[in-house]
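Below is one structure; the comments refer to it alone.
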Amino acid sequence: MIQKEKLEALLGNCPIGHTLIIKEVTDSTNLDIKRAAESGAVHGTVAVGEQQTAGKGRRGRTWVSPPGENLYFSMMLCPDFAAEKASMVTLVMALAVAQAVRSIGLDAGIKWPNDVVTGGKKICGILTELFFREDNSFYVVIGTGINVNQRQFPEEIQATATSLLLARREAVDREALLAGVLLYFSEYYDKLVRCGDLSGLRNEYESLLVNLGASVEVLDPKGAWKGTAQGIDNAGELLVCHEDGHVEAVYAGEVSVRGIYGYV
Ligand code: BTN
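Counting in numbering that gives the first Met the number 0, the sequence shown runs from 0 upward without gaps.
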């Protein structure tokens, strides 16, 4: 079980995680935050689940969440900026996770927009949800699942998913890793708010972007096309150069990209 006192000590006065909701079993930590928000929770509240029985992935998928090994957590943000900018916090979280993982000695990168990978395999998924209240104010829930100490994966995802333990051949301290992620996130989120966009984080994000310079297939619902990823713009859109040389900004909400030669 994640130890609350240990986590609190590691977080010090970090503004993200000042209030921690830790449950042994929950349906989904994103739902924990939604429920907490409805009963008055504030910006920076973090929910952690040792196990999720209804973990949610992107595109309606489930996030299988066995106990004792991994990290499943969500945070509540009440940004001052416009709701249209909320998708940027997902890239900020990917950057925070990648840097926290790098700080324990693993070569982690980011597959745009927000999968964190090592050795070409996914180690983290992020699901961001936006909720409007009746008075039109809104809050954002960022849910993150990190494969930390998982030893085995179902055969069908072994080629695309791994854990920090399998990549590093050594178990990882979950509280220390979670504290690292929240501390990085807090620093990066401040930068996002100060700049009003990702301009202050773009270089660092691109330095970890595994798609940079790679051939990608853009899975646009209007028709898939191929190009070369050139980086991101200040809004977090992926800049992809078409075969004819013109560059298109691809918005994460509408499309996904995949490598031509594999998952990354
Ligand atoms: C993805 O599909 O890549 C996103 C997965 C997000 C999973 C995390 S685990 C913690 C939080 N609670 C959920 O129900 N989902 C997110």
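Using N, Cα and C, we set each Cβ at its ideal position, and we do this for glycine too.
Just so we're clear, the structure is a prediction, and the values are computed from it rather than from any experiment.
Taking the CA atoms as reference points, SER64 sits about 12 Å from VAL47.
Contact between the segment 35-55 and the segment 9-27 is established, with three or more Cβ pairs separated by less than 8 Å.
Taking every protein chain shown into account, the CB of GLU154 has fewer than 16 other CB atoms within 10 angstroms, so this residue is exposed. The residue among THR89, MET87, GLY11, GLN98 with its C-alpha nearest the C-alpha of TYR183 is GLN98.
According to the DSSP secondary-structure assignment, GLN51 is paired through a beta bridge with THR25, SER64. VAL217 and ALA81 have their alpha carbons spaced roughly 27 Å apart. Counting along the chain, GLN229 sits inside the beta strand (DSSP E) bounded by residues 224-231. Partner residues in the beta bridge of VAL246, as assigned by DSSP, are CYS240.
Inclusion of LEU94 and ALA166 in the CB contact set at 8 Å is not warranted, their separation being larger than that value.
Looking at the backbone, the Cα of THR161 and that of ASP243 are separated by about 37 Å. Scanning its chain for C-beta atoms nearer than 7 Å, with the 5 sequence neighbours on each side dropped, one finds around THR52 the residues VAL24, ASP26, in chain order. For GLN51, the shortest C-beta to heavy atom distance toward the ligand BTN is below 7 Å.
In chain order, ASN148, LEU164 place their CB closer than 6 Å to the CB of ALA170, counting only its own chain and leaving out the 5 sequence neighbours on each side. Within the segment 74-137, the beta strand (DSSP E) runs of at least 3 residues that lie entirely inside it are, in chain order, 107-110, 114-117, 120-131.
The Cβ atoms of ILE32 and VAL140 sit closer than 8 Å to each other. Three or more beta-carbon pairs separated by less than 8 Å are not found between the segment 132-146 and the segment 205-224, which leaves the two stretches without contact.
Under the three-state reduction of DSSP, ALA46 is assigned to strand. Annotation: SER38 is outside any beta strand (DSSP E) and is labelled neither H nor E by DSSP. In the structure shown, the three-state DSSP call for GLY235 is coil. For ALA160, the pairing in a beta bridge is given by DSSP as LYS121. With fewer than 16 neighbouring CB atoms inside 10 Å of its own CB, CYS194 falls in the exposed class. Here the alpha carbons of ASP219 and LYS225 stand approximately 10 Å from one another. By alpha-carbon distance to SER198, the top candidate from GLU236, GLY54, THR227 is GLU236. Comparing alpha-carbon positions, the option among GLN229, LEU181, ASN210 lying closest to MET74 turns out to be LEU181.
When DSSP states are grouped into helix, strand and coil, PHE72 belongs to the strand group. Distances between the C-beta of THR28 and the heavy atoms of the ligand BTN include at least one below 7 Å.
Bounds of any alpha helix (DSSP H) do not take in CYS13, whose DSSP letter is neither H nor E.
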